[in-house]
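Beneath this line is the structure, given in structure tokens, with notes to follow.
What follows is the structure, given as structure tokens:
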């Protein structure tokens with residue numbers, strides 16, 4: 297798995313599209329959000345949006361593009377003939393992007409903590425970070441299954457990318473006093489609410505319960521991936 301990850305890191309440095317989606321876009325959006333934090337809603341809202349924006353681009357969009365590319369050039373098919381297991385191959389191809397996304401997210405959250413205030417429960421923040429990344433990884437596998445080429449990935453990732461970021465923005469900006477059931481059941485909604493509560497000194501029990509919807513979406517994402525992902529080029 298690690299040799300694959302190393303090769304993917306080198307390949308990512310040579311691929312301007314993946315490199316752009318994995319670094320420039322998420323960091324650029326994060327800087328914009330930070331400089332406009334007072335008008336957007338403060339640190340809790342910014343933190344919740346960062347938790348949605350960075351993995352949606354770095355893990356979800358970039359992994360979908362990478363997998364579509366590796367399937368198109370038959371790399372996936374060749375790797376399947378080796379002794380590596382299917383999970384090891386897929387994780388190896390995505391590991392660099394997952395680590396990069398988690399590192400970017402943590403750094404930005406740490407900056408927010410230093411310049412303003414930190415979360416009341418860092419454990420819950422780390423937990424939702426891990427679950428969010430797992431959800432986007434599963435969604436990337438599923439979306440890659442219906443993506444015929446790296447170019448078409450720019451289109452196929454849009455609904456989920458915009459949807460999750462939109463839900464996170466909606467929940468972070470308006471709260472969950474109204475339509476709580478709908479907001480928390482949508483992907484990204486419970487994660488956004490948890491981050492807002494963590495930065496607003498919410499109750500520990502409530503934050504723990506907010507992990508459940510995101511965990512459910514992780515399961516649904518990998519279930520979809522099981523049925524949709526394809527190892528050979530789409531015809």
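Residue numbers (this note's numbering): 297 to 531. By construction, the Cβ of each residue, glycine as well, lies at the ideal position given by its N, Cα and C atoms.
Can you tell me where the alpha helix (DSSP H) holding residue i begins and where it ends?
i, result
"residue 549", "The first residue shown for the chain is 297 and the last is 531, placing residue 549 beyond what the model contains."
"residue 386", "382-411"
"residue 433", "418-441"
"residue 367", "358-368"
"residue 480", "476-481"
"residue 344", "339-351"
"residue 448", "446-452"
"residue 374", "371-375"
When the Cα of residue i is compared with those of the options, which residue comes out closest?
i, options, result
"residue 338", "378, 524, 412 and 327", "412"
"residue 505", "497, 480, 464 and 517", "480"
"residue 340", "478, 457, 359 and 417", "417"
"residue 487", "475, 508 and 497", "508"
"residue 464", "350, 299 and 315", "350"
"residue 364", "441, 427 and 375", "441"
"residue 389", "300, 513, 367 and 428", "300"
"residue 385", "403, 306 and 366", "366"
"residue 431", "310, 343 and 518", "518"
"residue 348", "371, 308, 428 and 310", "428"
"residue 342", "515, 368 and 401", "401"
"residue 448", "302, 308 and 361", "361"
"residue 473", "450, 524, 437 and 489", "489"
Within 10 angstroms of the Cβ of residue i, are there 16 or more other Cβ atoms? Answer buried if so, exposed if not.
i, result
"residue 407", "exposed"
"residue 324", "exposed"
"residue 320", "exposed"
"residue 484", "buried"
"residue 354", "buried"
"residue 500", "exposed"
"residue 477", "exposed"
"residue 327", "exposed"
"residue 439", "buried"
"residue 376", "exposed"
"residue 434", "buried"
"residue 304", "buried"
"residue 495", "buried"
"residue 460", "buried"
DSSP three-state label for residue i, please.
i, result
"residue 528", "coil"
"residue 415", "coil"
"residue 457", "helix"
"residue 515", "helix"
"residue 496", "coil"
"residue 315", "helix"
"residue 485", "helix"
"residue 506", "coil"
"residue 324", "helix"
"residue 471", "coil"
"residue 243", "What the structure shows of the chain is the stretch from 297 to 531, and residue 243 is not part of that stretch, so it cannot be assessed."
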